[in-house]
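Trainee: Sharing a structure below in structure tokens format, with a few things to ask.
2 protein chains.
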Amino acid sequence: MSKVDITCLDSQQSDFEARLDKMLAWESVSDAGVNQIVNEIIERIRSEGDAALVEYTNRFDRMSVASMAELEMGQERLQQALEGLPVEQRQALETAAQRVRAYHEKQLAGSWQYTEDDGTMLGQQVTPMDRVGLYVPGGKAAYPSSVLMNALPAHVAGVEEIIMVVPTPDGVVNELVLAAAAVAGVSRVFTVGGAQAVAALAYGTETVPRVDKIVGPGNIFVATAKRAVFGAVGIDMIAGPSEILVICDGDTDPDWVAMDLFSQAEHDEDAQPILVSPDAEFIEQVKASIEKLLPTMEREEIIEQSLNNRAILIKAQDLSDAARINNRVAPEHLELSVADPEALLKEIRHAGAIFMGRYTAEALGDYCAGPNHVLPTSGTARFSSPLGVYDFQKRSSLIMFSDEGASEMGKVASVLARGEGLTAHARSAEYRIKS
Amino acid sequence: MSKVDITCLDSQQSDFEARLDKMLAWESVSDAGVNQIVNEIIERIRSEGDAALVEYTNRFDRMSVASMAELEMGQERLQQALEGLPVEQRQALETAAQRVRAYHEKQLAGSWQYTEDDGTMLGQQVTPMDRVGLYVPGGKAAYPSSVLMNALPAHVAGVEEIIMVVPTPDGVVNELVLAAAAVAGVSRVFTVGGAQAVAALAYGTETVPRVDKIVGPGNIFVATAKRAVFGAVGIDMIAGPSEILVICDGDTDPDWVAMDLFSQAEHDEDAQPILVSPDAEFIEQVKASIEKLLPTMEREEIIEQSLNNRAILIKAQDLSDAARINNRVAPEHLELSVADPEALLKEIRHAGAIFMGRYTAEALGDYCAGPNHVLPTSGTARFSSPLGVYDFQKRSSLIMFSDEGASEMGKVASVLARGEGLTAHARSAEYRIKS
């Protein structure tokens with residue numbers, strides 16, 4: 001008797017849409033207790049600065065430091081971590097960084113301007129943010145790839161100071177994470193974490209400089225703190241559980257597809273793997289591969305829970321029907337495991353990242369393909385984008401009227417401002433009209 | 001005895017920074033009562049749809065309609081509003097729309113891709129959102145310019161459906177707003193407002209289609225509802241009070257500068273006008289102009305309160321010092337009312353929109369210069385940008401590995417995934433390595 005019992009749907013069922021929606025439903029719960037704890041931590045960091053940051057770090061991370069000086073790591077320490085890595089790991093990290101950097105350099109937006117016939121200049125100035133904060137989780141969930149994916153776009157954007165915070169519970173340091181920080185051009189590292197680290201970055205303390213934006217993943221306390229400080233600083237998305245949707249024509253090795261589904265499922269019990277195929281027999285083959293491969297997996301229990309609770313195997317009418325189902329899901333990751341992925345791409349409207357062809361395992365995108373692995377989850381790909389260089393640049397409109405242009409446009413602005421009852425606006429414009 | 005008592009600071013005072021920070025401090029209060037009302041409205045719209053929307057509209061807007069059919073306006077009604085305008089207003093509206101459209105067309109980002117030596121393709125697909133919602137306030141604060149500024153970037157981005165909601169309290173319709181909707185390419189108009197309109201756009205009802213993003217200004221109920229539905233849909237910024245910072249070298253007509261300050265102050269009592277000048281005598285002249293002009297203003301009381309509560313006149317050391325002060329404030333609007341604005345621009349790091357030269361009144365930017373008038377407030381120009389076409393486009397990463405590329409990168413991904421303890425990721429990549 002198998003332990004795996006995956007939800008199977010057919011797009012021709014009369015209640016398909018309702019059942020699909022029910023499986024996709026996900027709302028992060030904002031717990032009143034967590035909110036209260038986080039708000040208290042933020043208040044104390046704002047009022048007491050370093051002293052509160054040291055106290056919280058000693059308490060939550062079971063440390064015993066006397067001052068912030070003991071909670072900062074210098075560049076030498078990061079370099080030491082990089083040099084201490086096995087050659088194979090160091091090379092892999094540097095290859096990944098080089099590819100991620102090369103891809104993100106294509107995203108750099110530049111300033112532009114144009115001049116009208118009467119000499120009026122209009123434009124947009126694009127500049128990097130001054131200073132950003134990067135949250136990196138400590139302990140088990142410490143991912144060096146996440147350091148690269150969050151820090152490199154900021155570095156490419158031209159951000160001068162990248163401040164990383166990473167907790168070291170019980171003093172345990174992750175050498176791969178520090179090495180990744182060295183490779184990605186992180187400026188300063190503080191070994192603090194939790195809501196207290198987010199508050200320190202958002203408001204600044206005597207030692208930790210205030211940043212303009214905070215990015216990076218974290219637990220519920222970190223996510224709640226990011227929501228709370230939003231407005232004082234910018235934040236990236238608050239991510240939901242990871243998702244993959246694989247569209248397969250039935251001709252990929254079912255073991256490959258099963259393992260691709262596992263690679264999302266192993267993230268956590270709430271991760272959502274979805275297979276859509278017009279080939280009912282192939283779906284059965286993937287089920288058999290799942291049964292066969294699951295007992296060989298290190299993270300068997302997590303994968304099993306994800307499969308039983310959130311996975312969906314969907315029989316579609318054809319590949320166009322599969323694309324329609326994808327557009328309804330708007331998944332974080334989409335694999336087009338089909339003979340002609342470029343043809344099918346034309347029917348895809350929403351997905352964070354699209355992995356085309358049977359060779360393009362989603363896992364390659366997590367590490368070294370080049371594009372970012374921070375992607376919109378929970379259907380937000382309908383309106384949001386992968387993390388990118390554009391998230392670390394901001395724009396200012398430029399307007400310089402000639403006397404001629406100000407006179408002509410002053411007349412237009414005057415009519416519209418008076419139409420809105422805003423007479424100071426109108427008179428300000430009218431001063432510039434030539435008599 | 002004057003009624004105006006404006007805060008004056010000098011950047012050389014020892015407590016200057018602290019006093020400036022105190023004047024700038026602004027935190028929007030999230031009221032528990034408002035939150036509860038809004039959450040209840042959202043829940044009822046989600047569960048009861050049109051019926052609840054009709055009931056709330058009848059109650060809050062003092063209407064007596066029987067069904068949603070009475071709360072939709074067709075394209076003919078919008079055209080009728082446009083054709084009914086006085087010629088001068090219609091021409092001004094169309095000129096403004098044409099200029100805003102032309103400017104925003106420069107912001108259109110395109111898809112890109114590149115192919116590596118081994119045949120691997122990487123890229124980014126840029127596509128418009130499918131459907132967006134535009135909130136337009138009813139009553140006194142109904143601004144046709146706001147319809148243009150919010151709808152035109154979506155239209156330029158290629159969004160197929162732009163759904164506008166605008167309440168008509170007591171049945172009062174604003175013809176200029178409807179005319180602006182006609183000019184800006186709005187698809188459908190529902191005469192509903194408040195938290196109930198936001199909820200209808202976010203989740204959909206039998207009649208109102210669910211959108212991907214909601215933009216546009218509104219009162220505290222609208223802003224609270226937008227925060228609450230964020231995640232289910234995208235939203236634009238929640239704006240704080242309007243701000244202007246004028247840097248003047250002392251050679252602009254002080255009446256012009258006074259009126260430019262008034263044009264922010266007349267928005268509301270919390271609006272913040274700031275003048276920075278190295279010329280102490282000029283600051284006195286502007287004060288005199290303020291005293292002289294204030295009694296002539298239609299919105300005298302609002303302007304007076306804004307001036308007394310939030311305005312600041314700052315004596316700087318020189319223009320570089322003025323630029324430094326600006327960068328600390330990161331204002332929504334910045335006027336460089338100086339002889340050589342292009343030289344000073346080099347020292348400006350943060351501002352939503354920059355109005356260069358003595359002729360470029362900020363009011364021109366509100367209506368018809370071309371750039372957007374929806375701008376980051378409360379110092380958020382440090383990390384955010386004017387509303388633009390980019391707010392209505394989203395990106396998907398494209399990755400298509402050749403068999404060769406997948407084999408090479410599979411090795412890199414495998415090393416990094418095993419370093420992170422994610423063995424399903426590693427094995428998924430390893431399947432694609434050639435033996």
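Line order of the protein sequences matches chains A and B. Residue numbering for the first sequence follows my numbering, beginning at 1 and increasing consecutively. Residue numbering for the second sequence follows my numbering, beginning at 1 and increasing consecutively. The C-beta atom is built at its ideal place from N, Cα and C for all residues, glycine as well. If you're wondering where the values come from, they're calculated on a predicted model, not measured in any experiment.
Measure from the C-beta of residue 287 (chain A) to each C-beta in chain B and report whether the shortest distance is under 9 Å.
Mentor: With 9 Å as the cut-off, residue 287 (chain A) does not count as an interface residue toward chain B.
Trainee: Looking at the secondary structure, which residues open and close the alpha helix (DSSP H) in which residue 365 (chain A) lies?
Mentor: Segment 362-367, the alpha helix (DSSP H) holding residue 365 (chain A).
Trainee: Can you tell me the Cα-Cα spacing of residue 130 (chain B) and residue 24 (chain B), whole angstroms?
Mentor: Their backbone Cα atoms lie some 39 Å apart in a straight line.
Trainee: Please report the Cβ distance between residue 326 (chain B) and residue 389 (chain B), rounded to the nearest whole angstrom; I am assuming they are in contact, meaning their Cβ atoms lie under 8 Å.
Mentor: Not really, about 27 Å apart at Cβ, beyond 8 Å.
Trainee: Is the CB-CB distance between residue 362 (chain B) and residue 14 (chain A) below 9 Å?
Mentor: Contact flag unset, no.
Trainee: Using a Cβ-Cβ cut-off of less than 7 Å, list which residues of the region 55-67 of chain B approach chain A; keep chain order.
Mentor: Those would be none; no residue qualifies.
Trainee: Could you confirm whether any beta carbon from chain A is found closer than 9 Å to the beta carbon of residue 309 (chain B)?
Mentor: No, residue 309 (chain B) does not count as interfacial toward chain A.
Trainee: May I ask which residues mark the beginning and end of the alpha helix (DSSP H) holding residue 155 (chain B)?
Mentor: Residues 144-157.
Trainee: Nearest chain B C-beta to residue 1 (chain A) closer than 9 Å, yes or no?
Mentor: In this prediction, residue 1 (chain A) has a pLDDT of 43, which is less than 50 and means its spatial position is unreliable; what the coordinates show is noted afterwards. With 9 Å as the cut-off, residue 1 (chain A) does not count as an interface residue toward chain B.
Trainee: If you compare alpha carbons, which of A:334, A:349, A:224, A:434 is closest to residue 32 (chain A)?
Mentor: Checked all of A:334, A:349, A:224, A:434; the closest Cα to residue 32 (chain A) is A:224.
Trainee: Could you compute how far the alpha carbon of residue 101 (chain A) sits from the alpha carbon of residue 370 (chain A)?
Mentor: About 7 Å.
Trainee: Taking only three categories from DSSP, how would you classify residue 84 (chain A)?
Mentor: Here residue 84 (chain A) sits in coil by DSSP.
Trainee: Can the beta-carbon of residue 357 (chain B) be found closer than 9 Å to that of residue 332 (chain B)?
Mentor: Contact flag unset, no.
Trainee: Drop a sphere of 10 angstroms on the beta-carbon of residue 417 (chain B), count the other beta-carbons inside from all chains shown, and report buried for 16 or more, exposed for fewer.
Mentor: Buried: at least 16 other Cβ atoms inside 10 Å.
Trainee: Mind listing the chain B neighbours of residue 156 (chain A)? Cutoff is C-beta to C-beta under 9 Å, in chain order.
Mentor: Here the premise fails: no neighbours, minimum Cβ distance about 14 Å.
Trainee: Is it buried or exposed, residue 315 (chain B), if we count other Cβ atoms within 10 angstroms and call 16 or more buried?
Mentor: Under this definition residue 315 (chain B) is a buried residue.
Trainee: Alpha carbon to alpha carbon, how far is residue 9 (chain B) from residue 1 (chain B)? Give it in angstroms, no decimals.
Mentor: Bear in mind that a pLDDT of 43 at residue 1 (chain B), under 50, signals an unreliable position, so the model cannot answer this.
Trainee: Around the C-beta of residue 346 (chain B), are 16 or more other C-beta atoms found within 10 angstroms, so that it is buried, or is it exposed?
Mentor: Exposed is the call here.
Trainee: Between the region 165-185 of chain A and the region 46-66 of chain A, do at least 3 Cβ pairs fall closer than 8 Å?
Mentor: Touching, per the Cβ criterion.
Trainee: Is residue 434 (chain B) helix, strand or coil when you go by DSSP?
Mentor: Correct three-state label for residue 434 (chain B): coil.
Trainee: Go through the region 299-352 of chain B residue by residue and report every complete run of the beta strand (DSSP E) that reaches 3 residues or more, in order.
Mentor: Complete beta strand (DSSP E) runs here, min 3: 312-315, 333-337.
Trainee: For the alpha helix (DSSP H) holding residue 297 (chain B), just list the boundary residues, first then last.
Mentor: Residue 297 (chain B) -> no alpha helix (DSSP H), and no H or E assigned at all.
Trainee: Between A:142, A:410, A:398, which lies nearest to residue 125 (chain A) when the distance is taken from Cα to Cα?
Mentor: Of A:142, A:410, A:398, the residue nearest in Cα terms is A:398.
Trainee: What residues in the region 359-371 of chain A bring their beta carbon closer than 9 Å to a beta carbon of chain B?
Mentor: Listed in sequence order: 359, 360, 361, 362, 363, 364, 365, 366, 367, 368, 369, 370, 371.
Trainee: Are the beta-carbon atoms belonging to residue 222 (chain A) and residue 186 (chain A) less than 9 Å from one another?
Mentor: Not a contact, by the Cβ cut-off of 9 Å.
Trainee: What three-state label does DSSP hand residue 1 (chain A) in the structure shown?
Mentor: With a pLDDT of 43 at residue 1 (chain A), under the threshold of 50, the modelled position of this residue cannot be trusted; read the value that follows with caution. Coil at residue 1 (chain A), not helix or strand.
Trainee: Go ahead and pull the three-state DSSP assignment for residue 370 (chain B).
Mentor: Three-state result, residue 370 (chain B): coil.
Trainee: Cutting at 6 Å between CB atoms, please list the residues of its own chain near residue 404 (chain B), excluding the five before and the five after it.
Mentor: Same-chain partners within the cutoff: 118.
Trainee: Is it the case that the Cβ atoms of residue 189 (chain A) and residue 247 (chain A) are separated by a distance below 9 Å?
Mentor: Not a contact, by the Cβ cut-off of 9 Å.
Trainee: Mind listing the chain A neighbours of residue 106 (chain B)? Cutoff is C-beta to C-beta under 8 Å, in chain order.
Mentor: Here the neighbours are 112, 114, 124.
Trainee: Would you please state the rounded distance, in angstroms, between the beta carbons of residue 424 (chain B) and residue 99 (chain A)? I believe it to be under 8 Å.
Mentor: Wrong, their Cβ atoms sit about 22 Å apart, outside the cutoff.
Trainee: If we cut at 9 Å on Cβ distances, does residue 429 (chain B) have a partner in chain A?
Mentor: Cβ-Cβ to chain A under 9 Å: yes for residue 429 (chain B).
Trainee: Does the beta-carbon of residue 212 (chain A) have 16 or more other beta-carbons within 10 angstroms, so that it is buried, or is it exposed?
Mentor: Label assigned to residue 212 (chain A): buried.
Trainee: Where do the N-terminal and C-terminal ends of the beta strand (DSSP E) with residue 10 (chain B) fall, by residue?
Mentor: Here the beta strand (DSSP E) through residue 10 (chain B) covers 7-10.
Trainee: I need the DSSP call for residue 245 (chain B), collapsed to helix, strand or coil.
Mentor: Looking at residue 245 (chain B) - three-state DSSP - the assignment turns out to be strand.
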